[in-house]
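Residue numbers 4 to 338, in this note's numbering, belong to the letters of the sequence shown in order. Where is the CB? At the ideal position from N, CA and C, for every residue including glycine. One structure is given here, and the rest of the page talks about it.
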Amino acid sequence: MSRIEKNHDHKQPTGIEAHAAYNRLFQPGRLTFGFMAPLEGYPSSPGPTLRDHAAMVRKADELGFSAIWLRDVPFLDPGFGDIGQVMDPMVYAGWLTAQTKSITIGTAGIVLPLRDPLIVAKQAASVDQLSHGRLLLGLSTGDRPAEYPTFGLPFDNRAERFRDALSVIRAATERDFGIFQSQHYGRLDGSLNLVPKPVNRRLPLIAIGRAGQDIDWLAANMDGWIWHLSDFRRLPEVIVKWRAAGSEGIFKPYGYGTFFDLDADPDAPLQFGRGIRIGRRALVELWKRQQDEGVSHVALNLKPLQRPMDEVLDELAEHVLPHFPALSGSKGRIS
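And the structure:
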């Protein structure tokens, strides 16, 4: 267990203490890893073929990988050149519930200021019910300014609207006949009740990126934080700040996402570029160190992957996953 974690009592945020999917991924002093969809490399094109995506998600689930994360990319923006899993994340999340049994399904993340929060609440609670409580709702403000005028929405106040929309989601999903006056998204006056509710009556809410907020606000209002950090030397400093911003005795996880390519040479050292390229032995050592530093989860974006995905899944499952398994046992079991 890391020095960072020893000062905490390891209580989970209120309302999700028994949330199986959350606890499967996030435990003090433990690192898990999962994948950003699609489970396919596409280094030379903006989007994947999706040819084998059903077989790959089922295989990842059967092998015991911890999570599949879905991105919210409505348009191809040639300036970014990456359209993720192509399919809408909430539609794809619903499809994943029928294809898998245990793997956690996360969004990374829904661009909240571009969506009606009541619709997001309805969609998320529906997926959570269909998956028997496997959804983690990751939320962001996005990183593509060109999308905002396309939706007829302002870019400059996106951080304010993110906070407002989050409050709407909480009021609609965590209360019966909730009452809330939103500045930007209407109001709940207690006469209507959003159905269904989440399986555990509360959706774990994960910040994807900073969402325009400071760390103190994220620590107070979100159940975890997944950021993109290209300089691993900064990890201990960032995690210390994150832990210091939280409530004493409450564990909230920190993780990061990165582009990832697994080198065919198991002894290949870590190479930085747009993400990381690394052999499996160096990967285990890297993650053991980062686990000690307090990293809880790593989400691997497979766009740069140059090898067949089924081959990479087998190698990771045999040589890496045993070092960083998702939590098993009754507390982490998804029924």
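- Residues of the same chain with a CB within less than 7 Å of the CB of K104, apart from the 5 flanking positions on each side, are D64 in chain order.
- For Y257, no alpha helix (DSSP H) segment is defined; the enclosing uninterrupted segment is the beta strand (DSSP E) at Y257 to L265.
- DSSP lists I182 as the bridge partner or partners of D192.
- No residue range can be given for H22, since it is assigned to no alpha helix (DSSP H) and is classified by DSSP as neither H nor E.
- As computed with DSSP, Q274 is found in a beta bridge with R280.
- Of the candidates I71, F29 and A24, the residue whose Cα lies closest to the Cα of L303 is I71.
- K14 carries a strand assignment under DSSP once its states are collapsed to helix, strand and coil.
- Using a Cβ distance threshold of 8 Å, I253 and K14 count as a contacting pair.
- A direct Cα-Cα distance of roughly 14 Å separates G227 from L169.
- Only residues of its own chain outside the window of five on either side were considered, and among them A222 and K255 have a CB closer than 7 Å to the CB of G249, listed in chain order.
- Per the C-alpha coordinates, the member of V301, L273 and M225 positioned closest to L142 is M225.
- Counting other Cβ atoms within 10 Å of its Cβ, K200 reaches 16 or more and is therefore classed as buried.
- Taking 4 residues as the shortest admissible run, the region 93-156 contains the following complete alpha helix (DSSP H) segments, listed from N- to C-terminal end: 120-133 and 150-153.
- Bridge partners of G227 according to DSSP: I209.
- The beta carbons of V114 and G50 sit about 18 Å from each other, so the pair does not count as a contact at 8 Å.
- In the displayed model, A329 falls within coil according to three-state DSSP, outside both helix and strand.
- Between the C-alpha atoms of D313 and H187 there is a straight-line separation of about 45 Å.
- Counting C-beta pairs with one atom in each stretch, the region 116-126 and the region 169-180 have three or more that are closer than 8 Å, which means they touch.
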